[in-house]
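Report on the following structure.
Residue numbers (the numbering used here): 1 to 290.
The structure is reproduced here in structure tokens:
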């Protein structure tokens with residue numbers, strides 16, 4: 001305890017004391033000083049540098065604002081703010097937090113959907129019929145060929161970085177199936193409703209997928225694309241949609257559009273320890289004319 005020239009008593013802390021009190025390193029205390037949160041006074045007699053209670057408050061106040069998510073640069077500027085300026089800064093930060101909370105809510109919704117599908121995969125659920133959803137997708141690979149047009153890459157980036165609910169998708173064109181080929185194209189997709197929800201922009205490389213009655217089911221597929229392309233086409237077709245085709249034959253259904261596969265997850269296979277993907281395969285169908 002010390003007494004100033006006005007006879008007022010105050011505490012003063014060595015850097016090691018302040019660091020211990022705050023639960024930080026002495027280097028962190030020095031960094032706080034460099035940022036302007038606290039200032040030290042050098043004792044003329046001992047030569048030691050000391051901090052007072054204002055310094056303790058300054059650091060604790062800074063740590064509180066760090067918890068709120070303010071950056072060190074923002075906190076440093078706020079040291080000289082008026083009340084009105086501080087209110088404005090806090091309100092702006094709350095708006096930013098609201099946006100982050102909304103974004104995390106969207107991510108949680110997507111994660112919840114993934115968990116539902118993973119539980120279905122674990123339960124080895126049967127094939128079923130359901131209406132597919134309208135969506136937009138952009139391809140980055142057609143068969144074994146990478147697609148790298150500048151506008152295509154722009155559209156990929158738009159989906160990747162601005163939609164929290166983006167999906168990795170496989171497309172098997174109906175035309176390829178009718179030609180006796182099982183050609184896999186890869187891309188990313190978003191639900192149509194997310195265009196407005198996330199303020200997404202599309203260009204000519206974003207293709208619209210029209211919803212149709214579909215035969216759906218989850219398939220376990222080799223995770224490495226190189227491995228997939230090593231398989232004979234008939235074999236990989238059997239792996240991905242064999243059960244779907246059997247169901248269609250049993251119920252007099254025929255192919256009626258491009259086949260899609262939404263990637264659910266990539267994991268280690270329990271049986272072989274190889275990497276596998278679980279994919280929700282959706283085959284658009286119509287009843288075969290008698």
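Don't be surprised by glycine CBs; every beta carbon is placed ideally from N, CA and C. Here the structure is a predicted model, which is why all the values come from computation and not from measurement.
Next item on the list: Please work out which residues of its chain come closer than 7 Å, Cβ to Cβ, to residue 50, disregarding the five sequence neighbours upstream and downstream, and give them in chain order.
Entry: As a first step, residue 50 is located in the chain shown; it is residue number 50 there, counting from the start. Non-local beta-carbon contacts of residue 50 in its own chain, meaning distances under 7 Å to residues more than five positions away in sequence, involve 12, 13, 14, 40, 41, 43 in chain order.
Notebook entry, point to check: Alpha carbon to alpha carbon, how far is residue 135 from residue 274?
Noted result: Working through the chain shown from its first residue, we reach residue 135 at position 135. Working through the chain shown from its first residue, we reach residue 274 at position 274. Going by C-alpha positions, residue 135 is about 32 Å away from residue 274.
Check: Leaving out five residues before and five after residue 157 in sequence, what residues of the same chain have Cβ atoms less than 8 Å from its Cβ?
Finding: Along the chain shown, read from residue 1 onward, the residue named residue 157 stands at position 157. Here the set comprises nothing.
Next item on the list: Put residue 34 into one of helix, strand or coil per three-state DSSP.
Entry: Locating residue 34 in the chain shown gives position 34, where the first residue counts as 1. Under the three-state reduction of DSSP output, residue 34 falls in the helix class.
Check: For residue 8, which three-state DSSP category applies?
Finding: Counted from its first residue, the chain shown places residue 8 at position 8. Low confidence applies here, because residue 8 scores a pLDDT of 46, under 50, leaving its location unreliable and the question unanswered by this model.
Note to self: I'd like to check one pair, residue 168 with residue 187: are the Cβ atoms closer than 9 Å?
What the structure shows: Stepping through the chain shown from its first residue, residue 187 is reached at position 187. Stepping through the chain shown from its first residue, residue 168 is reached at position 168. Residue 187 places its beta carbon less than 9 Å from that of residue 168.
Notebook entry, point to check: How far does the beta strand (DSSP E) with residue 286 in it reach, from first residue to last?
Noted result: By one-based count along the chain shown, residue 286 stands at place 286. Start and end: 275 to 287.
Note to self: I need the straight-line Cα distance from residue 262 to residue 280, nearest angstrom please.
What the structure shows: The count along the chain shown starts at 1 and reaches residue 262 at position 262. The count along the chain shown starts at 1 and reaches residue 280 at position 280. Between the C-alpha atoms of residue 262 and residue 280 there is a straight-line separation of about 5 Å.
Next item on the list: Have a look at residue 209 and residue 170 and give me their C-alpha separation to the nearest angstrom.
Entry: Along the chain shown, one-based indexing puts residue 209 at 209. Along the chain shown, one-based indexing puts residue 170 at 170. For the pair residue 209 and residue 170, the Cα-to-Cα distance works out to about 12 Å.
Check: Rounded to a whole number of angstroms, what is the C-alpha to C-alpha distance between residue 109 and residue 19?
Finding: Working through the chain shown from its first residue, we reach residue 109 at position 109. Working through the chain shown from its first residue, we reach residue 19 at position 19. Cα-Cα distance, rounded: 42 Å.
Next item on the list: Please determine, among 284, 45, 220, the residue with the shortest C-alpha to C-alpha distance to residue 271.
Entry: As a working mapping, residue 271 is identified with position 271 in the chain shown. If we check each option's Cα against that of residue 271, 220 comes out closest.
Next item on the list: Determine the direct distance from the alpha carbon of residue 240 to that of residue 265, and round the result to whole angstroms.
Entry: Residue 265 sits at position 265 when you count from the first residue of the chain shown. Residue 240 sits at position 240 when you count from the first residue of the chain shown. Between residue 265 and residue 240, the C-alpha separation is close to 15 Å.
Notebook entry, point to check: What three-state label does DSSP hand residue 52 in the structure shown?
Noted result: In the chain shown, residue 52 corresponds to position 52, counting from 1. It is a strand residue.
Margin query: Which of the three DSSP states is assigned to residue 251 in this structure?
Written below: On the chain shown, position 251 is the one that residue 251 refers to. In the three-state reduction of the DSSP assignment, residue 251 falls in the coil class.
Next item on the list: Could you tell me the boundaries of the beta strand (DSSP E) in which residue 221 lies?
Entry: Along the chain shown, read from residue 1 onward, the residue named residue 221 stands at position 221. For residue 221, the uninterrupted beta strand (DSSP E) run begins and ends at 213 to 222, by DSSP.
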